[in-house]
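To start, the structure under review is shown below, and the notes come after it.
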Amino acid sequence: MASTSKASRFFELADQREYAFCQSINRAVRFRAALGYFRLVSRLGDGWFWYALILSIPFIYPISGPGLALLMALTGLTCTLAYKLLKRWLIRERPFISFPAINCGTPPLDRYSFPSGHTLHAVCFQVMLALAEPALALLVLPFTLSVAASRVILGLHYPSDVLAGALVGGLMGYAAMVLLYADLRMLFGSPF
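Shown next, in the form of C-alpha cells:
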C-alpha cells in the first residue's frame, strides 16, 4: 500500500507537469481527418494489425518466419500480462479523466494509463522485427510511431506512459530475441 501511495504522489506531480503538453497535442482531435486517422491506428493497434502481421510472417519468410511468428505471439502474451500487472499496481488515471479539458478521442480498453499497452506491444514487435527482418521492420515503423503518437493525441495517455511502454516493450522484445529466437529458428529447421 505504501508503494501505491508513493506512485500516486509521483503521478500527481507528473500529471501536472505533462498536462499542458497533453492538452496541446490533444487539440489534433478537433481536425476530423486527424481524429479519423488516429482512431483507426488505435483500433488496429488494439491487436488487429499485429495478429495479421504475425499470421502472415510465415508466408512472407518461409524459413525464418514460423519461429519468429511463434516468438512474437508468445512475447505478445507476456507483454499483455506485464502491462496489466503494472497498470493495476501503479494506478495512474488517464489524462481525459484527470483533466476534463482533454478530449477522449476513442474509448480506452481499460481504466488506467501507465504504461501504454499499445506502445509496449508496438515497440516490442518493432524491435523483434528489426533484429530478425530489418526490411519488414522499416515498413512497419510508420505504424509503430503512429500508434505511440495516437495514445497522447487521443487523450488516453501521458507522454511518460508512452515512453515507459516503449522502454518496457523494447526491452521485452530484445530479451525475447536474444534469449529465444535462435532456438526457435533451429526448432523450425533454420539454424541461421
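In my numbering, the protein residues as written are 2 to 193. Even glycine gets a Cβ: it sits at the ideal position worked out from N, Cα and C. Small disclaimer: the values here were computed from a predicted structure and weren't measured.
Answer with buried or exposed for residue i, where buried requires no fewer than 16 other C-beta atoms within 10 angstroms of its C-beta.
i: SER117; result: buried
i: PRO63; result: exposed
i: PHE11; result: exposed
i: GLY196; result: Because the chain here runs from 2 to 193, residue 196 falls outside it and cannot be looked at.
i: PHE193; result: Any reading at PHE193 is ruled out, since the residue's pLDDT is 46, under 50, leaving its predicted position unreliable.
i: SER151; result: buried
i: MET2; result: Confidence in MET2 is poor, its pLDDT being 48 and thus under 50, which makes the residue's placement unreliable; the coordinate value appears in the next sentence. Exposed, by the Cβ-count rule.
i: TYR52; result: exposed
i: ALA149; result: buried
i: GLN127; result: buried
i: ALA133; result: buried
i: GLU13; result: exposed
List the residues that DSSP assigns as beta-bridge partners of residue i.
i: TYR113; result: GLU94
Hey, residue i and residue j: beta-carbon distance below 7 Å or not?
i: CYS125; j: MET178; result: no
i: CYS105; j: GLY156; result: yes
i: PRO96; j: CYS23; result: yes
i: LEU69; j: ILE61; result: no
i: GLY197; j: LEU130; result: Absent from the model: residue 197. The displayed extent of the chain is 2 to 193, so no value can be given.
i: TYR113; j: LYS85; result: no
i: VAL42; j: LEU36; result: no
i: VAL153; j: ILE26; result: yes
i: ARG33; j: THR107; result: no
i: LEU1; j: PHE115; result: Because the chain here runs from 2 to 193, residue 1 falls outside it and cannot be looked at.
i: LEU72; j: LEU181; result: yes
i: ALA123; j: THR145; result: yes
Where does the unbroken alpha helix (DSSP H) through residue i begin, and where does it stop?
i: LEU54; result: 50-61
i: VAL30; result: Unbroken run through VAL30: none, as it is neither H nor E.
Say whether chain B places a C-beta atom closer than 7 Å to the C-beta of residue i.
i: ILE103; result: Absent from the structure is chain B; it holds one protein chain and no more.
#### Entry: 3 or more residues per run - each beta strand (DSSP E) lying fully within the region 133-188
none
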